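Colleague: Reading the sequence shown from the start, the letters are residues 1 to 289 in full-length UniProt numbering.
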Amino acid sequence: MDLVLDAADRHLLTPYVYPTSWPEGEPCRQLLSLFVITNLGALTLYLLFGTLSYYFIFDHELKKHPQFLENQVRREIVYALCSLPWISVPTVALFFAEVRGYSKLYDNIEDSPYGWSGVFLSMLSFLFFTDMGIYWIHRALHHKLLYKRFHKPHHLWKIATPFASHAFHPVDGFMQSLPYHIYPFLFPLHKVTYLGLYIFVNVWTISIHDGDYRVPHLLRHVINGSAHHTDHHLYFDYNYGQYFTLWDKIGGSYKSPTAFEGKGPHDYLRKLREKGPGVPNGPPDAKTE
Numbered sequence: 001m002d003l004v005l006d007a008a009d010r011h012l013l014t015p016y017v018y019p020t021s022w023p024e025g026e027p028c029r030q031l032l033s034l035f036v037i038t039n040l041g042a043l044t045l046y047l048l049f050g051t052l053s054y055y056f057i058f059d060h061e062l063k064k065h066p067q068f069l070e071n072q073v074r075r076e077i078v079y080a081l082c083s084l085p086w087i088s089v090p091t092v093a094l095f096f097a098e099v100r101g102y103s104k105l106y107d108n109i110e111d112s113p114y115g116w117s118g119v120f121l122s123m124l125s126f127l128f129f130t131d132m133g134i135y136w137i138h139r140a141l142h143h144k145l146l147y148k149r150f151h152k153p154h155h156l157w158k159i160a161t162p163f164a165s166h167a168f169h170p171v172d173g174f175m176q177s178l179p180y181h182i183y184p185f186l187f188p189l190h191k192v193t194y195l196g197l198y199i200f201v202n203v204w205t206i207s208i209h210d211g212d213y214r215v216p217h218l219l220r221h222v223i224n225g226s227a228h229h230t231d232h233h234l235y236f237d238y239n240y241g242q243y244f245t246l247w248d249k250i251g252g253s254y255k256s257p258t259a260f261e262g263k264g265p266h267d268y269l270r271k272l273r274e275k276g277p278g279v280p281n282g283p284p285d286a287k288t289e
């Protein structure tokens with residue numbers, strides 16, 4: 001995050017915002033700057049990609065589903081906008097530690113003993129490490145001692161839209177983001193790669209809430225896409241993973257998406273249209289807690 005902070009200092013904060021008596025390396029100034037940058041960045045990513053996904057990818061027919069809530073889109077957005085500033089508080093503390101040099105982030109390709117191949121390998125290891133971490137954190141948040149207090153708000157959205165992607169309780173949102181921030185303190189990672197992955201994980205989080213179930217056939221049971229995550233919202237106890245299905249299969253929580261079997265939300269809407277009002281609300285075995 002120091003690349004973003006340096007750019008903000010150079011082009012905006014030092015010449016136009018802060019007094020000359022407040023040096024760039026002063027800790028309180030860095031914390032304040034990081035708080036503003038983190039919130040603006042999170043809001044921009046959420047609203048920009050969420051809006052693009054909502055208008056160009058999300059199937060608005062899903063809003064006719066019986067489990068789609070009244071004023072749901074507005075409620076998702078408001079919940080996310082209220083939560084993101086609180087999520088940013090502990091996140092800024094970790095970004096501050098990075099800026100102060102406590103992480104293993106590096107500037108130049110030459111700083112990696114493996115060169116460009118090291119950058120590529122670090123991207124793969126980042127994805128697998130964070131997928132594992134999020135799986136177990138997410139699964140822990142479904143424990144009865146944690147679920148109702150922290151994770152249940154995210155499950156209000158049975159038929160989610162892209163705007164549900166960041167509509168978390170602040171504790172829930174930070175805990176599920178923690179593996180992303182822990183990684184560069186444990187493993188070397190190029191700073192530009194880290195920023196790129198930060199953007200990617202936000203976009204991916206939006207994408208698994210967009211109701212677009214298209215995945216190459218050979219990867220349907222490998223990639224944890226929107227079809228898998230839709231079933232997680234509907235049935236609660238399955239498909240906790242983020243990118244891949246590996247840990248769900250290891251942990252015994254994998255469920256083949258109902259959308260791949262002709263039993264997903266779109267199929268249910270089709271049956272509603274065909275059979276009329278006699279179809280019960282919601283998929284027949286969906287949980288309603």
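Built from N, CA and C at the ideal position, the CB exists for glycine as well. Small disclaimer: the values here were computed from a predicted structure and weren't measured.
Residues in the same chain with beta-carbon distance under 7 Å from residue 13, minus the five sequence neighbours each way, listed in chain order, please.
Modeller: Excluding residues within five positions, the ones whose Cβ falls inside 7 Å are 33.
Colleague: Mapping the DSSP letters down to three states, classify residue 121 as helix, strand or coil.
Modeller: Looking at residue 121 - three-state DSSP - the assignment turns out to be helix.
Colleague: Out of 260, 190, 199, 236, point me to the one whose CA is closest to residue 218's CA.
Modeller: Selected option, being the one with the closest Cα: 260.
Colleague: Counting C-beta neighbours from all protein chains within 10 Å, is the total for residue 284 16 or more, i.e. buried, or is it exposed?
Modeller: Low confidence applies to residue 284: its pLDDT is 49, below 50, so where it sits in the model is not reliable, and the reading given next is rough at best. So residue 284 counts as exposed.
Colleague: CB-CB under 6 Å to residue 164, same chain, minus the five flanking residues each way: which ones, in chain order?
Modeller: Closer than 6 Å at the Cβ level, and outside the excluded window around residue 164, lie 76, 157, 209.
Colleague: Can you tell me the Cα-Cα spacing of residue 237 and residue 93, whole angstroms?
Modeller: Residue 237 and residue 93: Cα-Cα distance of roughly 32 Å.
Colleague: Going by DSSP, what residue range makes up the alpha helix (DSSP H) through residue 15?
Modeller: It is not in any alpha helix (DSSP H) - residue 15 carries neither H nor E in the DSSP assignment.
Colleague: Assign residue 284 to one of three DSSP states: helix, strand, or coil.
Modeller: Confidence at residue 284 is low in this model, with a pLDDT of 49, below 50, so its placement is unreliable and no value can be given for it.
Colleague: By the three-class DSSP mapping on this structure, what secondary structure does residue 244 have?
Modeller: Correct three-state label for residue 244: strand.
Colleague: If you count every other CB in all the chains shown that lies within 10 Å of the CB of residue 126, and 16 or more means buried, which is it?
Modeller: When all chains shown are included, residue 126 counts as buried.
Colleague: Rounded to the nearest angstrom, how far is the Cβ of residue 213 from that of residue 225, given a contact under 8 Å?
Modeller: Confirmed, about 7 Å.
Colleague: Suppose the cutoff is 8 Å on Cβ atoms and the five residues either side in sequence are ignored; what does the same chain contact list for residue 137 look like?
Modeller: These residues qualify, in order along the chain: 175, 176, 178, 179.
Colleague: Report the three-state DSSP secondary structure of residue 114 (helix, strand or coil).
Modeller: Coil, per DSSP.
Colleague: For the region 70-88 against the region 165-174, do three or more pairs of beta-carbon atoms, one drawn from each stretch, fall closer than 8 Å, so that the two count as touching?
Modeller: Short answer: they touch.
Colleague: Should residue 275 go down as buried or exposed, given a rule of 16 or more other Cβ atoms within 10 Å for buried?
Modeller: Per the 10 Å Cβ criterion, exposed.
Colleague: Under 7 Å Cβ to Cβ from residue 188, same chain only, skipping five residues before and after it: list those, please.
Modeller: Closer than 7 Å at the Cβ level, and outside the excluded window around residue 188, lie 104, 106, 112, 122.
Colleague: Let me know if residue 91 comes out buried or exposed under the rule of 16 or more other beta-carbons within 10 Å of its beta-carbon.
Modeller: Buried.
Colleague: Note the first and the last residue of the continuous alpha helix (DSSP H) segment covering residue 72.
Modeller: 72-99 is the extent of the alpha helix (DSSP H) around residue 72.
Colleague: I'd like the ranges of any alpha helix (DSSP H) spanning at least 4 consecutive residues and lying wholly in the region 132-202.
Modeller: For the region 132-202, whole alpha helix (DSSP H) runs of length 4 or above, ordered along the chain, are 170-186.
Colleague: Per the DSSP calculation, residue 106 is bridged to which residue(s)?
Modeller: The partner list for residue 106 (beta bridge, DSSP) reads 190.
Colleague: Run through the DSSP bridge pairs and tell me what residue 223 is partnered with.
Modeller: Paired residue(s): 244.
Colleague: Can the beta-carbon of residue 198 be found less than 8 Å from the beta-carbon of residue 184?
Modeller: No, they are not a contact pair.
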